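Here's the structure we're looking at; comments come further down.
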Amino acid sequence: SEEPEILVTCPRGTHLKVTMDPSRFHLINSDGRLVKGFYGNPFPGEVYGHPADAEGPVVITGTYFPLMTSGPFANDYVALREALDRTPINWEFEGGKMINARCDDTEINAIVQREVFERDPVHGRRLGEIGYPANLYRLGEVCGHLGLDEKRNLHAAHGHGYPRRTGADYETDVHCDGVIRRGILEA
1 SEEPEILVTC PRGTHLKVTM DPSRFHLINS DGRLVKGFYG NPFPGEVYGH
51 PADAEGPVVI TGTYFPLMTS GPFANDYVAL REALDRTPIN WEFEGGKMIN
101 ARCDDTEINA IVQREVFERD PVHGRRLGEI GYPANLYRLG EVCGHLGLDE
151 KRNLHAAHGH GYPRRTGADY ETDVHCDGVI RRGILEA
């Protein structure tokens, strides 16, 4: 049987072809229920999974997790949202791995380069998660806080693919979510 392919696009240039393989990797319904022994996100409203493959560009204009906690935008969600709107982070995937990452803002770019290519050069650049909003009454503009923004926008994360839940076949300490504003999902 053919693996399902999903196209994620946005007006700013995202055109990511994602291949899911349900025989190898599980989709997770993040419904807010917490299970003992597993990390859980108490904010409900997304379905996420580890993709079998990914090809194409991703433009992050909403939130990027490392910028929420370090650098010039730490805990200043409004400034972060405005900065990424002016100078988005651009990722390019080939064979499920990021081959390029850049941002025209030099401070942001330094953080992106460290997270993608230096912390774990092998697995830190893999597309570990693709998340789809399921909390449809919460759709809207980003507020700059990842815990809320990823529940009402398409998002992607490089690095860790939640192997205990999704079946991803690797481990890494890197997991950096990025929000794709005004994303469109086509199956």
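Residue 55 in our numbering sits at position 55 of the sequence shown; the count goes up by one each step and never skips. Glycine residues also receive a C-beta, built at the ideal position from the N, C-alpha and C atoms. Here the structure is a predicted model, which is why all the values come from computation and not from measurement.
{"Item": "CB of G128 within 8 Å of CB of H160, strictly", "Value": "yes"}
{"Item": "Residues that H15 bridges to, as DSSP identifies them", "Value": "T9"}
{"Item": "Beta carbon of G56 nearer than 8 Å to that of K97", "Value": "no"}
{"Item": "CB of E92 within 8 Å of CB of N100, strictly", "Value": "yes"}
{"Item": "Alpha helix (DSSP H) segments (min. 4 residues) lying fully within the stretch 70–124", "Value": "77–86, 106–113"}
{"Item": "Counted within 10 angstroms of its Cβ, other Cβ atoms place A83 as buried (16 or more) or exposed", "Value": "buried"}
{"Item": "The stretch 23–37 in contact with the stretch 64–75 per 3-pair CB rule at 8 Å", "Value": "no"}
{"Item": "Beta-bridge partners of A156, as assigned by DSSP", "Value": "I130, G178"}
{"Item": "The stretch 119–126 contacting the stretch 5–23, beta-carbon criterion three pairs below 8 Å", "Value": "no"}
{"Item": "Which residues DSSP lists as bridging P51, in chain order", "Value": "In the DSSP output, where bridge partners are listed per residue, P51 has none listed."}
{"Item": "Cβ separation of H158 and R182, assumed to be a contact under 8 Å, to the nearest whole Å", "Value": "Wrong, their Cβ atoms sit about 21 Å apart, outside the cutoff."}
{"Item": "Boundaries (first-last residue) of the alpha helix (DSSP H) holding H148", "Value": "What sits at residue 148 in the sequence shown is Leu, not His. Note, L148: alpha helix (DSSP H), 146–149."}
{"Item": "Bridge-paired residues (DSSP) for Y64", "Value": "G178"}
{"Item": "Contact check, T19 vs I180, beta carbons under 8 Å", "Value": "no"}
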